[in-house]
Structure formats: C-alpha cells, structure tokens
Amino acid sequence: MLMHTDPINPYPIPSIAGYKVSGKRFQQTQELLQVNREETEKIHGMSKRRREQFPAIVEVIEGIICTVPNIKEVIFCGGGNREGVLYLKLPPEIQATHPLLLFPSTFHTNTNFNNPQHPQATTKQLAQILASALPAGHPTTALFTPEILRYIVAHTWDDMANVANVNAARALHAPISGPVAGMPGLTHDVIAVLSLTIIYLHSIRRMIQSRCQIPNTQHPTPNLPSPFLREPSTTTTPRGKSSQTFSIQQICIDVFICLLSSPLLFMPPTPHQTTPSSQIQSNLLQSNPTNPTNP
231 MLMHTDPINP YPIPSIAGYK VSGKRFQQTQ ELLQVNREET EKIHGMSKRR
281 REQFPAIVEV IEGIICTVPN IKEVIFCGGG NREGVLYLKL PPEIQATHPL
331 LLFPSTFHTN TNFNNPQHPQ ATTKQLAQIL ASALPAGHPT TALFTPEILR
381 YIVAHTWDDM ANVANVNAAR ALHAPISGPV AGMPGLTHDV IAVLSLTIIY
431 LHSIRRMIQS RCQIPNTQHP TPNLPSPFLR EPSTTTTPRG KSSQTFSIQQ
481 ICIDVFICLL SSPLLFMPPT PHQTTPSSQI QSNLLQSNPT NPTNP
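Sequential numbering of the sequence shown, starting at 231, is according to this note's numbering.
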C-alpha cells in the first residue's frame, strides 16, 4: 500500500524487499485506510483477501507505532521462514559476506586478469581505483560502497560479444527483475545504483572501445597517478598489421570512466521518456533520495 501511494508513480521497482520509507509516512495509517476503501483498481501485491484484512493489519501497525513512537525509517524485507532456515545452514563466513560479493561473474574466466604478470588485477584493487576517482563530499558518493564498486568491476566485461544495446537493456532490468532482484539485503537505493551505473557503462561501450575521451565540460577530471596514463604499446601481427595492446591500467581507466558517466553523480534526470526503458530509468533517478541537481 505504501508503494502504491509513493510520490514516485508508477514506482519502478516491483519487489517489496528493500523498499524504504520514512517513519513519518509509515505512521500515516489513516490515509492508507482511505486509499484502501476508495481505490477501485488493482493494487500491486494486494489481493482481494489481503485488502479485506488491511484494517486489521493497520491495527497491528498502530500498536507498533504506540510502542515505538520515534521511528526514523522503515526498510521492508522479503523471504520467510524457509529462507531463514536455509540462511542459518550457511557457513558463518558466508552469512557475514555482502550478497553482491557472492554473485558469480565472468570476470576471471573471460579475461586474462589471472595472468601472473598482472598480480594486482583484482576486483578489490580496481574498486579502490574507482573509489579514488569519485568526487569527495558529493552526496551520492556514499551510495557507492566498496561492495557495489567491486560488483561493478566484476561485471564490467560480462557478455562483451553482445550488442551494446542488448547489454544496456539487460543491465537496466537485471537488478529490478533479474537475478540480482531476489538478492537479500539490497535496498532499492542499491538496486537503482546498480541499474543506472551499469546501463551507462554499456551505453558508452563504443566510446570506450574507440578510446575516445569523454568531454570534461561537466565531468571532473580524475586525479590519477602518472602510471595509469601510459599510452598503449603497438605490436605487429604475423600478417603485418599493427595492433594496440592495452595494459591493465588502461582497462582501469575504462572502468572508472564508465562509473563517472553514471547519472547518479553528474547528470540530472532527463525529462523525455521515449521508451519503456527510459521510463524506468527516469523513475529510478527520481527514486534515489540523494539524486543531485545540476552541479
């Protein structure tokens, strides 16, 4: 019911798990009762029987509010007893691990980053490079936690052989309705960050492949040490054609350029909505409570 009455309408993320509201909205039970009485259309996640039970549910919620009056924020979770029992059977080290770090990727299988010549090419170290490129003090920078950055790095090279537009659409929907959507512990803020950042990564794939630089009129120039600004080495193939070999440093630059292209950091929401994907993208931008205005 809270998602149905959310200021962002239609709400772009269907999962209740990870939905977050302020304590003030959570306590507006009478307004929700009025919506339940007057709404004639179908409400997502509310069956006819559940809507008949809604007044009783409100009684329970009001009892909680009376007991704990100073509620700052409410985060809804998913799952049930079955998931809880299975979770308790996991090893303690797995229980304590961030869920994004357990999600499989093709980072180590589709690249040569396991080459002994590149011992520093790990997701953790690449994520640290990304973190150093983020603008300090920006309100949205805090959303890019080390776990999110490592996930972005690990999935940057997924499905490289596919068309960029296909990957962009998949990246937009995967955190919303794909494999990542059912991952426990992820709030809608995190889902929005993953969805928007990785879709922009694929959207500028051609620019990265041609090694074009993003105009820095609105984008700050990352402060990178000189070793990361080396030019690629040129080699000659057996057929006499020259080819460029890019080191791990250039690939790192590709990754953080993708990240800095995320609208969550530097781009205001676009008003036009031409496709269903752009509708979801625009709503996701609005759903981020710390969405910045024009810098």
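Glycine is no exception: its CB is placed at the ideal position from the N, C-alpha and C atoms. Every value quoted in this text rests on a predicted model; they were computed, and no experiment measured them.
Pairing P414 with C296 gives a Cβ-Cβ distance that is not under 9 Å. Straight-line measurement puts the Cα of L431 at about 31 Å from the Cα of H234.
Assigned with DSSP and collapsed to three states, I301 falls in coil, not helix or strand. Scanning its chain for C-beta atoms nearer than 7 Å, with the 5 sequence neighbours on each side dropped, one finds no residue around E268. If you ignore the 5 residues before and after R279, its C-beta comes within less than 8 Å of no other C-beta in its own chain. DSSP places S362 in the helix class (H, G or I) of the three-state scheme. Secondary structure within the stretch 363–437: the alpha helix (DSSP H) runs of 4 or more consecutive residues, fully enclosed, are 376–384, 394–407, 418–433 (chain order). Around L416, the same chain offers G248 as residues with beta carbons nearer than 6 Å, after the five sequence neighbours per side are excluded.
Apart from sequence neighbours up to five positions away, the residues of its chain that approach I324 with a beta-carbon distance below 8 Å are L332, ordered along the chain.
Under the three-state reduction of DSSP output, K250 falls in the strand class. S407 is the residue among L424, T427, S407, A422 whose C-alpha sits nearest the C-alpha of S245. Where E268 is concerned, the enclosing alpha helix (DSSP H) starts and stops at 259–268.
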